[in-house]
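Here is the structure we will look at, set down as structure tokens.
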């Protein structure tokens, strides 16, 4: 059986991280709910490991109504307090409140531009940026483009959308293909 080469950040023996890399990371996503989910999870990850967030992903899906922005945008104080007691998510008030806030901002973008997808993918002219990194050490933590997107999201009222988190988001949803050149998941 041939050896499968993956990006170096994938922890060997961590089935959840392997599945995430093999099935999702870097795959272009145009589904608004998935885009909202990944914005939320990247924001929740600030200061934590990605594996911690992946292990809480189902808890997030349950707590935040399957990432339906119309439902989440209507969450009030009682919902926030309920979520702060939910061990299935990161119980940080600022992060929970940012998800509710960001859901309302998603709806504003949808009303203005038709979809979150149309807004985000316009930053890359609807085509993934394909990088040619040989080593994990070459991947930047942020780029000028992630700074631009972060700045625009903040201007629109989004929270927990710094340029490092936005670059990770771009990688996750396939706006950027940062699979190393030897990785079997590399698109080109």
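Residue numbers (our numbering): 16 to 203. Where is the CB? At the ideal position from N, CA and C, for every residue including glycine. Small disclaimer: the values here were computed from a predicted structure and weren't measured.
Own chain, CB closer than 8 Å to residue 29, minus 5 neighbours either side, in chain order: Against the chain shown, residue 29 aligns to sequence position 14. Hits under 8 Å: 66.
On the CB-based measure, 16 or more other CB atoms within 10 Å of its CB, does residue 92 come out buried or exposed? In the chain shown, residue 92 corresponds to position 77, counting from 1. Exposed, since its Cβ has fewer than 16 Cβ neighbours within 10 Å.
Bridge partner(s) assigned by DSSP for residue 167: What you label residue 167 is simply residue 152 of the chain shown in a count that begins at 1. The partner list for residue 167 (beta bridge, DSSP) is empty, contrary to what the question assumes.
So the candidates are 59, 101, 140; which of them puts its Cα closest to the Cα of residue 78? Looking up residue 78 in the chain shown gives position 63. With distances taken between Cα atoms, residue 78 lies closest to 101.
If we ignore side chains and look at the alpha-carbon of each, how far apart do residue 118 and residue 84 end up? Position 103 of the chain shown, counting from 1, holds the residue named residue 118. Position 69 of the chain shown, counting from 1, holds the residue named residue 84. Residue 118 and residue 84: Cα-Cα distance of roughly 5 Å.
Please work out which residues of its chain come closer than 7 Å, Cβ to Cβ, to residue 178, disregarding the five sequence neighbours upstream and downstream, and give them in chain order. The count along the chain shown starts at 1 and reaches residue 178 at position 163. Closer than 7 Å at Cβ, skipping near neighbours: 157, 161, 162, 165.
Using the rule of at least 16 other Cβ atoms within 10 Å of the residue's Cβ for burial, across every protein chain shown, is residue 23 buried or exposed? Here residue 23 corresponds to residue number 8 of the chain shown, with the count starting at 1. Under this definition residue 23 is an exposed residue.
Roughly how many angstroms lie between the CA atoms of residue 59 and residue 197, to the nearest whole one? Translated into positions along the chain shown, residue 59 becomes position 44. Translated into positions along the chain shown, residue 197 becomes position 182. Straight-line Cα distance between these residues: approximately 30 Å.
Could you give the distance in angstroms between the alpha-carbon of residue 191 and the alpha-carbon of residue 89? Counting from 1 along the chain shown, the entry for residue 191 is found at position 176. Counting from 1 along the chain shown, the entry for residue 89 is found at position 74. Whole-angstrom Cα-Cα distance: 32 Å.
By Cβ distance, which residues of its chain are closer than 7 Å to residue 184, with the 5 residues on each side in sequence left out? As a first step, residue 184 is located in the chain shown; it is residue number 169 there, counting from the start. Result list for residue 184: 53, 54, 57, in chain order.
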